[in-house]
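Working notes, beginning with the structure itself.
Numbering (the numbering used here), first residue to last: 11 to 330.
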C-alpha cells in the first residue's frame, strides 16, 4: 500500500517544484470546488438564472457530498502532507483523503451545467475547470493523484446517474401529494446519513486507530457532521420546492437590479439562519448536536427553495 503513497509523493514534489508563483492560481481553482463557492453559485442559478438548473445542480452537489463522506470514512486513507514531510502544505484539511471531494464534486457540478447547456464549449470549459481543480489539490499538497482520479471517477458516475434518471424520477414525484413529496425528500436525506453511518460505526465500534505517524492530523476525521449538513439541506430543498410549486412557482427572469436584490436578500437569509442558529445550537459529535445541525441546514434548504422566492414574489422582485 505504501508504494502508491510514495509514488504520489514523488509526483506532488515535482508539481510543487514548478514554483511558488502557482500558489495563488491554484488557490483560486481550489476555491471553485469549495462549500463557500457553491453557497454563492447555487442561489445565483436558482434565484436568478434558471430554477430548474439550480435544483439539479443542488441535488448532484448534495449527492456527491454524501457519497464522498461515506467513501472517505470507508477508505480512511491519509493526505499527502499527513504522510510525508517532503510535501509543502498550502492548505489544511481535517477529513481523510480519498476520494478528493473537490475533484468529485467539481466533476458532478460543472458537468451538470455542461450537460444542461448541451454546448461543446460548455463541456470544454467544464473539463478545463475540473482538471485544474484536481491539479490544484495536488499542488496544494492536500491530495494524492489517486485521490483525484478516484474523485473524478465517482463524480462522473454520479453525474451520469443523475442525468439518466432525473426526468423519470421527477415525473413520478410530480404525481405525489405534498406529503408524499416531503416523505420522499426525508427518506432521501436519511440515505445520505446512512451511507457514511456504516463506515463511521465500524471505525468507532472497532476502536480503529490511525497510523501514529499521521494520527495527529486525523483527530477530527471520523465525523458525521458533513452527512447531517447534506441530509438536512436536501430535505429542506425538497420540502421548499414542493411547497413553492403549489404556490405557482416563480420566474427567474427580471431586471438586473431585481436579480441583484434577490441575491442580496436571499443570501442575507441564508447567513442569518446559518450563523444565527450556529451561535445558539450546540456543536459536537452528539445526537443532539447532529439533530440540530440537520434542522439548521433543513431551514437553509427550505429558505433557498421556497421561502426566499416567496418573499421575492411578495416584494415584486419576481413574477409567477
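Every residue, glycine too, gets a C-beta built ideally from N, C-alpha and C.
The criterion of a C-beta distance shorter than 8 angstroms is not satisfied by residue 165 and residue 240. Going by beta carbons, residue 290 and residue 250 fall outside the 8 angstroms limit.
DSSP places residue 12 within a helical segment (H, G or I) once states are collapsed to three. For residue 209, the enclosing alpha helix (DSSP H) begins and ends at 188-215. Taking a C-beta distance under 8 angstroms as the contact criterion, residue 233 and residue 293 do not qualify as a contact pair. Here DSSP, grouped into helix, strand and coil, assigns residue 128 to coil.
The beta-carbon distance between residue 153 and residue 105, rounded to whole angstroms, is 11 angstroms. This is too long to meet the 8 angstroms contact definition. The beta carbon of residue 276 is closer than 6 angstroms to those of 53, 57, 318 in its chain, skipping five residues each way along the sequence. Rounded to the nearest whole angstrom, the CA to CA distance from residue 199 to residue 266 is 35 angstroms. In this structure, residue 203 keeps its C-beta atom at 8 angstroms or more from the C-beta atom of residue 245. Your pair residue 252 and residue 188 checks out as a contact, with CB atoms roughly 6 angstroms apart and the cut at 8 angstroms.
Per DSSP, residue 153 lies in no alpha helix (DSSP H) segment and is marked neither H nor E. Counting every other CB atom within 10 Å of its CB across the protein chains shown gives residue 131 a total below 16, marking it as exposed. Between the alpha carbons of residue 151 and residue 36 lies a gap of roughly 11 angstroms. Going by DSSP, residue 72 is part of the alpha helix (DSSP H) stretching over 61-85. A Cβ-Cβ contact shorter than 8 angstroms links residue 32 with residue 149.
Per the coordinates, the alpha-carbon of residue 298 lies some 33 angstroms from the alpha-carbon of residue 179. Residue 82 is classed as buried because its beta carbon has at least 16 other beta carbons within 10 Å across all chains shown.
Annotation: the region 223-274 contains the following complete segments of the alpha helix (DSSP H) (minimum length 4 residues), in chain order: 235-256. With distances taken between CA atoms, residue 255 lies nearest to 184 out of 184, 63, 159. Residues of the same chain with a CB within less than 8 angstroms of the CB of residue 40, apart from the 5 flanking positions on each side, are 101, 112, 143, 146, 147, 150 in chain order. Close CB contacts of residue 60 within its chain, under the 7 angstroms cut and outside five residues either way in sequence, are with 262 (chain order). In the pairwise beta carbon analysis, the region 77-92 is classified as not touching the region 123-139: fewer than three pairs are separated by under 8 angstroms.
For residue 170, the three-state secondary structure derived from DSSP is helix. The beta carbon of residue 66 sits closer than 8 angstroms to those of 122, 126, 172, 176, all from its chain and outside the five residues before and after it, given in chain order.
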